[in-house]
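Participant: Take a look at this one; I'll ask things after.
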């Protein structure tokens, strides 16, 4: 087709105007023109353009993704540290009432021990009074008794009865007898069963404290193993991503 120079200039101006209008108004036109442009270059030109595109992609989105992965790793470390600190604070707050109870029990145990000692010292005079033979004679039994030795309460009751019998023959002070009369049953049996109470309380407190320490160690081990598992998964993801990056050069040969 014979086209004059004037017609060529007019067509060039028209094509430039349409291209400018399309680039200014339509994103589809811009994308289509960018995709068609490498076709005018040749095979070597397309490879050259593709290398520039891959370099831009690696320096842009890929570098951003890598930076994000580093930030994720750092944030996981911070989260792990915060979790450990939070677990430690939570453990201290949750065991604070138990520690206060244990301290109160320890103080109560010491107070109970002091009370038991006071009771023992108080009953020393009573035991001496029960064991004394002043004012009467013990009656000897005709036959030996094969049973166990009588308790302090039984001796006290028997000797009190003997004293009441002796009051008919000997003049004795009735006020003294009333003063030593027990107010509750078993005055000689009270300190004996209560003596092992304080060591048992101390042993139970020691066992409970040991159980608390073991629970804290188990909690730390569980948190550490959980963090190690997440770290292993993150390392596998980074290794897979590096493998994908090492295979991007195949796109040059595909084009």
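Residue numbers (full-length UniProt numbering): 1 to 255. Backbone N, C-alpha and C define an ideal beta-carbon position, used for all residues, glycine too.
1. So residue 111 packs on residue 130, CB below 8 Å; how close in whole Å?
2. With H, G and I counted as helix, E and B as strand and the rest as coil, what does DSSP make of residue 151?
3. Taking the continuous alpha helix (DSSP H) assigned at residue 21, which residues delimit it?
4. In whole angstroms, give me the CA-to-CA distance for residue 2 and residue 40.
5. Per the contact definition of three or more C-beta pairs closer than 8 Å, is the region 223-234 in contact with the region 73-80?
6. Do you know offhand how far residue 239's Cα is from residue 67's?
7. For the alpha helix (DSSP H) that contains residue 60, what are its first and last residues?
8. In chain order, what residues of the same chain have a beta carbon less than 8 Å from the beta carbon of residue 326, not counting five sequence neighbours either side?
9. Are the CB atoms of residue 76 and residue 243 within a distance shorter than 8 Å?
10. Tell me whether residue 279 sits in a helix, a strand or coil according to DSSP, three-state version.
11. Quick check on residue 50: does DSSP put it in helix, strand or coil?
12. According to DSSP, is residue 118 part of a helix, a strand, or is it coil?
13. Would you please state the rounded distance, in angstroms, between the beta carbons of residue 49 and residue 38? I believe it to be under 8 Å.
14. Could you tell me the distance, in whole angstroms, from the CA atom of residue 117 to the CA atom of residue 91?
Facilitator: Here's the rundown:
1. By 1-based counting over the chain shown, the position of residue 111 is 111. By 1-based counting over the chain shown, the position of residue 130 is 130. Residue 111 to residue 130, Cβ: 28 Å. No contact.
2. Along the chain shown, read from residue 1 onward, the residue named residue 151 stands at position 151. Three-state result, residue 151: coil.
3. By one-based count along the chain shown, residue 21 stands at place 21. 5-25 is the extent of the alpha helix (DSSP H) around residue 21.
4. Looking up residue 2 in the chain shown gives position 2. Looking up residue 40 in the chain shown gives position 40. Rounded to the nearest whole angstrom, the C-alpha separation of residue 2 and residue 40 is 24 Å.
5. yes
6. Counted from its first residue, the chain shown places residue 239 at position 239. Counted from its first residue, the chain shown places residue 67 at position 67. For residue 239 and residue 67, the distance between alpha carbons rounds to 15 Å.
7. By 1-based counting over the chain shown, the position of residue 60 is 60. Premise fails: residue 60 is in no alpha helix (DSSP H) and is neither H nor E.
8. One cannot answer for residue 326 here, as it falls past the ends of the chain, which runs 1 to 255.
9. Position 243 of the chain shown, counting from 1, holds the residue named residue 243. Position 76 of the chain shown, counting from 1, holds the residue named residue 76. No, Cβ-Cβ distance for residue 243 and residue 76 is not below 8 Å.
10. There is simply no residue 279 to check, as the chain begins at 1 and stops at 255 in what is shown.
11. On the chain shown, position 50 is the one that residue 50 refers to. Three-state result, residue 50: helix.
12. Stepping through the chain shown from its first residue, residue 118 is reached at position 118. DSSP places residue 118 in helix when its eight states are reduced to three.
13. Working through the chain shown from its first residue, we reach residue 49 at position 49. Working through the chain shown from its first residue, we reach residue 38 at position 38. Between residue 38 and residue 49 the Cβ distance is about 5 Å, and since that is below 8 Å, they are a contact.
14. To locate residue 117, count along the chain shown from 1; it is residue 117. To locate residue 91, count along the chain shown from 1; it is residue 91. One C-alpha to the other measures close to 38 Å.
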